[in-house]
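Here's the structure we're looking at; comments come further down.
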Amino acid sequence: MRFSAAISLLSAAAALAAPSHLTSRQSQQAFRISNMAANTSSILPDADLKLTLYDQVRHVETDCAIYWEYYDFYIPQSSCANTGYNISFVAGHPNDIEAFTLRFFTADESESGQWTFNKSAPNSNWICTMLDPSKYQPRETCVLGGVVFVPF
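Counted the way mature numbering (1 follows the signal peptide of the UniProt record, and there is no 0) counts, the sequence shown spans residues -17 to -1, 1 to 135.
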């Protein structure tokens, strides 16, 4: 009887001590995206996008950015403060910051997911505002109103 009680107690303790990255919610959600904003220029044909990426499995947070020009066909320059992570546009750089798909991934490609941001999508939290180009720089700005969870 004591032996079975001890086994039950050890099993319960082991379950409570299991790493949080093994929970079903975290195993289904690779990245949490927040503090995301994109801007276009009223003077030049360029744009930028900045965000904070949090890896829920590895418990790592990093800031990332992409800069590009609308009329150029080069691959946009992107970087994350932690070089173990990166972001990229799925279909090349967008001509409009109101709708595009981003890919989020680890440098070793062990974690990867993508998300489409579209201000016109139902229940979208990608909010865009046009500004008067004669008075303001940037011309248009879009912000993520909240947090997005990007699954693997």
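Glycine included, every Cβ here is placed at the ideal spot set by N, Cα and C. Predicted model only: the values in this text are computed from it and were never measured.
Over the uninterrupted beta strand (DSSP E) stretch that includes residue 114, give me the two end residues. Premise fails: residue 114 is in no beta strand (DSSP E) and is neither H nor E.
How would you call residue 27, buried or exposed, if buried means at least 16 neighbouring beta carbons within 10 angstroms? exposed
State yes or no: is the C-beta of residue 46 within less than 7 angstroms of the C-beta of residue 64? yes
State the CB to CB distance for the pair residue 122 and residue 24, rounded to an integer number of angstroms; the pair is presumed to be in contact (CB under 8 angstroms). 6 angstroms
Over the uninterrupted beta strand (DSSP E) stretch that includes residue 86, give me the two end residues. 82 to 89
Within 10 angstroms of its Cβ, does residue 135 collect 16 or more other Cβ (buried), or is it exposed? exposed
Three-state secondary structure (DSSP) at residue 108? coil
Quick one: using the 10 Å Cβ neighbour count with 16 as the cut-off for buried, is residue 137 buried or exposed? The chain is shown only over -17 to 135; residue 137 falls outside these bounds and no answer can be derived.
Could you name the residues of the same chain whose beta carbon sits closer than 8 angstroms to that of residue 13, not counting the 5 residues immediately before and after it, in chain order? 38, 39, 40, 87, 94, 95, 96, 133, 134 and 135
Taking only three categories from DSSP, how would you classify residue 65? coil
Which residues in the same chain as residue 49 place their Cβ atom closer than 6 angstroms to its Cβ, once the five residues preceding and following it in sequence are excluded? 32, 59 and 61
Please confirm whether residue 36 and residue 19 have their CB atoms less than 7 angstroms apart. no
Identify whether residue 55 lies in helix, strand or coil by the three-state DSSP scheme. coil
Could you tell me the distance, in whole angstroms, from the CA atom of residue 126 to the CA atom of residue 110? 5 angstroms
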